Amino acid sequence: MDFIKSAISSNLRLDGRRLDEQYELNIVPNISSFSHGSSQVSFGDSVVQTTILFSIASPGDSTPDEGIIELSISGTNVFENSELSQKSYELLCTILYDIQFAHSFLDLKSLCILPGQFCWNVRIHSTVVKHGGSLIDALSIGVLAAFKCSEVPSVNVMLRDDLESSLDSSNLQIKLCTEENQIFKKLVENLPIVTSVGKIGKNYIWAMTKDEESCSDGTLSVAVATTGRCLAIKSKGSCFDLNSIESIIRKSSEIALENFNIINQYIA
Numbered sequence: 003m004d005f006i007k008s009a010i011s012s013n014l015r016l017d018g019r020r021l022d023e024q025y026e027l028n029i030v031p032n033i034s035s036f037s038h039g040s041s042q043v044s045f046g047d048s049v050v051q052t053t054i055l056f057s058i059a060s061p062g063d064s065t066p067d068e069g070i071i072e073l074s075i076s077g078t079n080v081f082e083n084s085e086l087s088q089k090s091y092e093l094l095c096t097i098l099y100d101i102q103f104a105h106s107f108l109d110l111k112s113l114c115i116l117p118g119q120f121c122w123n124v125r126i127h128s129t130v131v132k133h134g135g136s137l138i139d140a141l142s143i144g145v146l147a148a149f150k151c152s153e154v155p156s157v158n159v160m161l162r163d164d165l166e167s168s169l170d171s172s173n174l175q176i177k178l179c180t181e182e183n184q185i186f187k188k189l190v191e192n193l194p195i196v197t198s199v200g201k202i203g204k205n206y207i208w209a210m211t212k213d214e215e216s217c218s219d220g221t222l223s224v225a226v227a228t229t230g231r232c233l234a235i236k237s238k239g240s241c242f243d244l245n246s247i248e249s250i251i252r253k254s255s256e257i258a259l260e261n262f263n264i265i266n267q268y269i270a
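Going letter by letter, the sequence shown gives residues 3 to 270 in this note's numbering.
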């Protein structure tokens, strides 16, 4: 690890990349026929598979006018499914949810079909096939790619008995429409991806390898919209100089825009 730190201090990386150079990004859309949307993302040595299922559910008692988004992450390797590894995935899941689905820019109320009665329940599951570093970057791209592959119909709420005006759930039924669901189309347009940057010594490194992550003093995850605007940041560690945050965000936004372009090349 000292060798990695020494190389980084000289602006060198073991794989020959620049400190701000990204991994090669490859995306395979529609990998699962048992989900409404799916993708496989290879980001350097990291490989993740993501599936999305849409269903209609009853909203929570505390949020009767909001939809539900559930996010889960697991590994495929039996040795990675230990209690310690599961806690790591749970923490990663919390961080990803907080910055990719933050209420400040994602309106969960738009996922409500009829307050107190029906809402969309979106279940997202990502499987880490291989953990090679910069996992949160790969996961966020996988989620967006799976959403872009999804086809969700619009729905209307109908009365079962036209003579009965009650809006009780027993007198209501959901009717599927042929039109594209504009709610999810807008959600996909607003969904950011994450670009992470680590600090090793005095240097900032993007798209870190797993070994580089183990050497880093901290990580900053930046959620960036398709416009290039930074929507949220999450810091692990307190090593980041406040005077450098603006330039870090600017560079992370440039990288995210490049990744958005690659995603759009794979999924029109």
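Using N, Cα and C, we set each Cβ at its ideal position, and we do this for glycine too. On a predicted model such as this, the values are computed, not experimentally measured, just so you know.
Cα-Cα separation between D243 and A9, rounded to whole angstroms: 21 Å
Have a look at G69, Q119, F45 and S106 and flag the residue whose alpha-carbon is nearest the alpha-carbon of G134. F45
According to the Cβ coordinates, are N123 and S57 closer than 7 Å? yes
Hey, V50 and V159 are a contact pair by Cβ (cut 8 Å); roughly how many whole angstroms apart? Not quite, the Cβ-Cβ distance comes to about 36 Å (not below 8 Å), so this is no contact.
Inspect the beta-carbon positions of S223 and S198 and report whether they are closer than 7 Å. yes
For S237, list the residues DSSP reports as bridge partners. L222
Write down the C-beta distance between T228 and E191 rounded to the nearest angstrom, noting that I regard them as a contact closer than 8 Å. 7 Å
Using the beta-carbon count (16 or more within 10 Å), is L113 buried or exposed? buried
When the Cβ atoms of the stretch 173 to 184 are set against those of the stretch 208 to 218, are three or more pairs found closer than 8 Å? no
What whole-angstrom Cβ distance do L137 and L94 have, given they're in contact under 8 Å? 7 Å
If the criterion is Cβ atoms closer than 7 Å, does the pair I54 and S156 meet it? no
Roughly how many angstroms separate the alpha carbons of D22 and L178, rounded to a whole number? 47 Å
Give me the Cα-Cα distance between E18 and E214, rounded to the nearest whole angstrom. Glu is not the amino acid found at residue 18; the sequence shown has Gly there. G18 and E214: Cα-Cα distance of roughly 13 Å.
Any heavy atom of the ligand FAD within a distance shorter than 6 Å of the CB on D22? This structure lacks the ligand FAD, and indeed carries no ligand of any kind.
Excluding five sequence neighbours on each side, which residues of the same chain lie with their C-beta closer than 7 Å to the C-beta of F81? Residue placement at F81 is flagged as unreliable, the pLDDT there being 49, under the threshold of 50; a coordinate-derived value is accordingly withheld.
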